[in-house]
Amino acid sequence: MSTTERPRILVVGGGYVGLYAARRILKKMRYGEATVTVVDPRSYMTYQPFLPEAAAGSISPRHVVVPLRRVLPKAEVLTGRVTTIDQDRKVATVQPLVGEAYELPFDYLVIALGAVSRTFPIPGLAENGIGMKGIEEAIGLRNHVLEQLDKADSTTDEEIRRKALTFVFVGGGFAGAETIGEVEDMARDAAKYYPNVKREDMRFILVDAADKILPEVGPKLGQWGLEHLQKRGVEVYLGTSMDSCVGGHVVLKNGLEVDSNTIVWTAGVKPNPALARFGLPLGPRGHVDTAATLQVQGADYIWAAGDNAQVPDLAVGEGAWCPPNAQHALRQAKVLGDNVISGMRGFPQREYKHANKGAVAGLGLHKGVAMIVFGKTKIKLKGRLAWYMHRGYHGMAMPTFNRKIRVFADWTLGMFLKREVVSLGAIENPREEFYEAAAPVSAAAAKKAENTAEKAKAS
Ligand SMILES: Cc1cc2nc3c(=O)[nH]c(=O)nc-3n(C[C@H](O)[C@H](O)[C@H](O)COP(=O)(O)OP(=O)(O)OC[C@H]3O[C@@H](n4cnc5c(N)ncnc54)[C@H](O)[C@@H]3O)c2cc1C
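First residue of the sequence shown? That's 386 in the working numbering, and the numbers climb one at a time after it.
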């Protein structure tokens with residue numbers, strides 16, 4: 386961390402909002418006008434809309450993340466977690482990856498902590514569930530699903546096989562529907578290479594407490610998405626929830642009970658709970674309460690946006706807040722960046738207003754839904770065309786030219802070479818095999834050293 390005479394703009398969180406706001410500030414700032422410091426426990430921004438495709442192996446996981454230090458060379462990037470904010474002293478406490486926490490003074494503050502998975506106290510969920518918020522989870526899910534196929538192919542025990550081939554997804558919004566769509570597609574592809582596993586042997590189950598899926602694309606397309614998944618053999622249970630999943634024994638409220646090694650939790654998000662320690666005004670659901678200028682209520686030197694903020698949705702009207710999605714996060718970040726510069730220079734603030742442009746969702750290769758809004762007209766697309774829209778939109782929205790090229794290259798290679806269907810589950814314990822090889826040798830060496838020491842003592 387540098388100590389400088391310049392004012393410090395502290396950006397807490399280097400995700401969508403943090404990255405784009407910092408870039409905007411750096412672009413608009415005069416040379417030496419301020420120090421921009423970005424703090425995030427990860428050294429990269431994750432393009433979350435691509436997580437389902439990363440889980441399905443259509444995009445390399447490394448290409449879904451954007452290294453902060455590389456794209457923000459003029460910023461100070463600190464890898465750590467902001468744990469508290471002292472507004473009176475204008476100081477944040479940073480807990481670095483290792484070592485003692487330290488204090489970081491700031492003049493202007495941007496709160497961009499995003500959201501975390503919204504969970505409920507369901508017995509067995511913490512031990513058995515896997516979320517879909519980070520690239521680590523997408524990689525883990527992919528390896529895990531392919532490993533289940535390996536297991537099922539190798540065993541003669543019908544119970545083990547059935548449990549391995551049952552995949553439960555809870556939550557049918559964007560993240561859940563896209564993830565089950567992509568993962569089912571990948572498993573279907575992968576099954577071709579397993580003599581003892583067929584698609585019909587697998588059970589894919591989607592559960593949602595609501596009476597529809599994909600609410601983001603509207604009821605008609607949501608219904609199409611639902612029927613499409615059902616045609617592919619996905620069992621969809623709506624208006625019900627998961628009561629427990631202890632030891633992988635899943636019990637739904639509607640009475641269905643299945644055993645599964647794979648329980649994917651995508652039942653919505655909630656604002657980052659760390660906000661509770663920041664002393665900022667929070668709304669009823671825990672978001673930072675901001676004005677339409679993205680300034681935190683009552684603090685004109687603090688701005689917040691994205692999934693952790695409740696921003697008035699001026700395009701919808703009184704009492705409405707912007708939904709937590711990338712479309713808003715990206716655009717809010719740009720307005721926020723401009724407003725930070727204006728705030729620093731004593732100029733007036735601009736209000737954020739953006740009318741929904743629609744939504745696109747991929748449900749596996751060549752399958753998707755898209756709703757595009759042009760003024761009062763809504764264009765609804767489904768199937769292959771919608772899938773092209775989904776890829777085109779997100780491919781272009783992916784931050785940095787470098788990442789765009791990499792993503793498009795992955796897709797192009799996938800067209801000709803097919804996706805990889807190999808599980809690298811052992812990556813989670815990379816030292817295991819080496820330990821087995823080295824442990825007996827180390828033990829023998831230790832024993833020899835002990836004997837030598839004893840002999841030396843005796844003589
Ligand atoms: C699987 C999935 C699919 C999605 N698909 C779509 C889609 O198709 N279209 C769409 O519009 N939206 C989609 N979204 C939503 C979209 O990705 C989010 O709305 C967007 O990422 C929000 O941006 P953000 O900056 O608020 O939060 P994030 O991008 O989550 O960034 C928050 C950052 O804060 C950091 N952080 C957390 N705690 C601390 C701390 N204490 N100190 C410092 N830093 C911290 C985190 O590490 C993270 O980098 C999807 C989300 C998911 C999970």
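Note that beta-carbon positions come from the ideal geometry of N, C-alpha and C, so glycine has one too.
Cβ distance (whole Å) where residue i is taken to contact residue j below 8 angstroms
{"i": "Ile-520", "j": "Ala-406", "result": "Their Cβ separation, rounded to whole angstroms, is 21 angstroms, which puts Ile-520 and Ala-406 out of contact at 8 angstroms."}
{"i": "Thr-464", "j": "Leu-489", "result": "Rounded, the Cβ-Cβ distance is 13 angstroms, inconsistent with contact."}
{"i": "Val-701", "j": "Ala-689", "result": "The pair is not a contact, with the Cβ atoms about 19 angstroms apart (cut-off 8 angstroms)."}
{"i": "Tyr-401", "j": "Ala-718", "result": "7 angstroms"}
{"i": "Asn-814", "j": "Ala-497", "result": "Not really, about 34 angstroms apart at Cβ, beyond 8 angstroms."}
{"i": "Phe-552", "j": "Arg-584", "result": "So it is not a contact: roughly 12 angstroms between Cβ atoms."}
{"i": "Gly-780", "j": "Val-792", "result": "6 angstroms"}
{"i": "Ile-410", "j": "Val-423", "result": "Not really, about 10 angstroms apart at Cβ, beyond 8 angstroms."}
{"i": "Val-456", "j": "Thr-785", "result": "6 angstroms"}
{"i": "Cys-630", "j": "Ile-515", "result": "So it is not a contact: roughly 11 angstroms between Cβ atoms."}
{"i": "Gly-728", "j": "Ala-714", "result": "Contact flag wrong, Cβ pair sits at about 20 angstroms."}
{"i": "Leu-804", "j": "Ser-443", "result": "Per the sequence shown, the amino acid found at residue 804 is Arg instead of Leu. Indeed they touch by this definition, with Cβ atoms about 6 angstroms apart."}
Residue i (DSSP reduced to helix, strand or coil)
{"i": "Glu-488", "result": "strand"}
{"i": "Leu-611", "result": "helix"}
{"i": "Pro-815", "result": "coil"}
{"i": "Arg-454", "result": "helix"}
{"i": "Gln-734", "result": "coil"}
{"i": "Thr-855", "result": "Here the chain has residues from 386 to 844 only, and residue 855 is not among them."}
{"i": "Ala-828", "result": "helix"}
{"i": "Gly-691", "result": "helix"}
{"i": "Gln-480", "result": "strand"}
{"i": "Glu-835", "result": "helix"}
{"i": "Ala-705", "result": "coil"}
{"i": "Arg-503", "result": "coil"}
{"i": "Pro-697", "result": "strand"}
{"i": "Val-602", "result": "helix"}
{"i": "Phe-721", "result": "For clarity, residue 721 is Leu in the given sequence; the question names Phe instead. In the structure shown, Leu-721 sits in a helix (DSSP, three-state: H, G or I)."}
{"i": "Pro-666", "result": "coil"}
{"i": "Leu-809", "result": "coil"}
{"i": "Lys-638", "result": "coil"}
{"i": "Lys-459", "result": "coil"}
{"i": "Lys-597", "result": "coil"}
{"i": "Gly-633", "result": "helix"}
{"i": "Ala-823", "result": "helix"}
{"i": "Leu-715", "result": "helix"}
{"i": "Leu-494", "result": "strand"}
{"i": "Arg-466", "result": "strand"}
{"i": "Ala-661", "result": "helix"}
{"i": "Lys-475", "result": "coil"}
Classification of residue i by the beta-carbon crowding that lies within 10 angstroms, buried from 16 upward
{"i": "Gln-615", "result": "exposed"}
{"i": "Ile-790", "result": "exposed"}
{"i": "Glu-485", "result": "exposed"}
{"i": "Met-774", "result": "buried"}
{"i": "Ala-549", "result": "buried"}
{"i": "Pro-709", "result": "buried"}
{"i": "Asp-795", "result": "buried"}
{"i": "Ser-645", "result": "buried"}
{"i": "Ile-598", "result": "buried"}
{"i": "Tyr-416", "result": "exposed"}
{"i": "Ile-764", "result": "exposed"}
{"i": "Ile-812", "result": "exposed"}
{"i": "Arg-730", "result": "exposed"}
{"i": "Gly-664", "result": "exposed"}
{"i": "Ala-705", "result": "exposed"}
{"i": "Ala-657", "result": "Reading off the sequence shown, one finds Asn at residue 657, where the question assumed Ala. Buried, since its Cβ has 16 or more Cβ neighbours within 10 Å."}
{"i": "Asn-639", "result": "exposed"}
{"i": "Val-479", "result": "buried"}
{"i": "Thr-678", "result": "buried"}
{"i": "Ser-539", "result": "exposed"}
{"i": "Thr-675", "result": "buried"}
{"i": "Val-654", "result": "buried"}
{"i": "Met-800", "result": "exposed"}
{"i": "Phe-554", "result": "buried"}
{"i": "Val-807", "result": "exposed"}
{"i": "Arg-666", "result": "Position check: residue 666 holds Pro in this sequence, whereas Arg was assumed. Classification for Pro-666: exposed."}
is_contact[residue i, chain C] using C-beta, thresh 7 angstroms
{"i": "Lys-605", "result": "Judged by its chain identifiers, the structure shown contains no chain C, having just a single protein chain."}
Inset, instruction - Decide yes or no for the touch test of the region 590–597 against the region 623–630: beta carbon pairs closer than 8 angstroms, at least 3 of them. - result: yes
Inset, instruction - Could you name each continuous alpha helix (DSSP H) segment of 4 residues or more that falls completely within the region 506–592, going from the start of the chain to the end? - result: 510–513, 520–539, 543–549 and 559–576
Inset, instruction - Determine, using beta-carbon pairs with one atom in the region 601–609 and one in the region 564–584, whether at least three such pairs fall under 8 angstroms. - result: no
Inset, instruction - Count the C-beta pairs between the region 521–537 and the region 638–651 that are closer than 8 angstroms, then say yes if the count reaches three, no if not. - result: yes
Inset, instruction - Please confirm if the region 821–835 is in contact with the region 469–477, defined as three or more CB-CB distances below 8 angstroms between the two stretches. - result: no
Inset, instruction - Counting only runs of 4+ residues fully inside the region 387–442, write out the alpha helix (DSSP H) ranges in chain order. - result: 401–413 and 436–440
Legend entry - 4 or more residues per run - each alpha helix (DSSP H) lying fully within the region 724–804: 769–782 and 786–802
Legend entry - Three or more C-beta pairs below 8 angstroms linking the region 524–543 and the region 720–736: no
Legend entry - Segment contact flag, the region 552–568 with the region 434–449, C-beta cutoff 8 angstroms, min 3 pairs: yes
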